[in-house]
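In the numbering used here, the protein residues as written are 6 to 200.
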């Protein structure tokens, strides 16, 4: 069984830190691009108070062992530029999901997301002993689908009418996964891209 505890994961350009209220100011600034929220089930960025409330509710998910949220911090500046998390935790089945990832516009297409996913996948497979890591995205979020496919994840299918979005539209979720037997090849591919 996986024992999922708060941890800091450090790469060459980012550090994933356990999400705290101290990240609220940076994350509020990072959340200002409305395009971030087009395909997300929550819309943030309206106020600092809203960001603080979101962080508190996310930390409560961690306390109840339902998620392990991170702030994405640039090593070069020390600023939080987004967030990601482990969630849909299934310790008895050694599975989990990487998701709720959002990044400020300034760090998109810079390698930040790739390194985040690498750090999370490495921790899931090599430290936690996961046998399956899943990712999912909105059916219209083609940029996210391409990014997940570039990681080396396998597309498994689509859950139709999976979620109701803030605008009351229906989201079909495209599911992907990496399983433990694929991790060595996925890891090598990511390391070749990054380093």
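Using N, Cα and C, we set each Cβ at its ideal position, and we do this for glycine too.
Computed from a prediction, not measured in an experiment: that's the story for all the values here.
- Fully enclosed alpha helix (DSSP H) runs of no fewer than 4 residues occupy 53-68, 117-127 of the segment 43-128, in order along the chain.
- With a threshold of 16 other beta carbon atoms within 10 Å, residue 163 falls short and is exposed.
- The Cβ-Cβ distance between residue 142 and residue 121 does not fall below 8 Å.
- When secondary structure is reduced to three states using DSSP, residue 136 falls in the coil class, being assigned neither helix nor strand.
- The C-alpha of residue 62 is placed about 14 Å away from the C-alpha of residue 53.
- C-alpha of residue 175 to C-alpha of residue 104: approximately 19 Å in a straight line.
- Look at residue 28 here: in three-state DSSP terms it is helix.
- By the neighbour-count criterion, in which a residue is buried when 16 or more other Cβ atoms sit within 10 angstroms of its Cβ, residue 200 is exposed.
- Within the DSSP secondary-structure output, residue 23 pairs in a beta bridge with 75.
- Straight-line spacing of the CA atoms in residue 42 and residue 184 works out to 29 Å.
- Per DSSP, the beta-bridge partners of residue 142 are 179.
- As far as DSSP is concerned, residue 170 takes part in no beta bridge.
- Separation of residue 12 and residue 78 (C-alpha to C-alpha, rounded to the nearest whole angstrom) is 14 Å.
- If you ignore the 5 residues before and after residue 167, its C-beta comes within less than 7 Å of the C-beta of 176, 177, 178, all in its own chain and listed in chain order.
- Assignment of residue 191 by DSSP, reduced to helix, strand and coil, places it in the helix class.
- Residue 100 is positioned such that its CB atom lies closer than 8 Å to that of residue 135.
- When DSSP states are grouped into helix, strand and coil, residue 40 belongs to the helix group.
- Cβ-Cβ separation between residue 96 and residue 9: approximately 7 Å, consistent with a contact (criterion under 8 Å).
- Segment contact: the segment 124-133 against the segment 26-35, fewer than three CB-CB distances shorter than 8 Å; contact not assigned.
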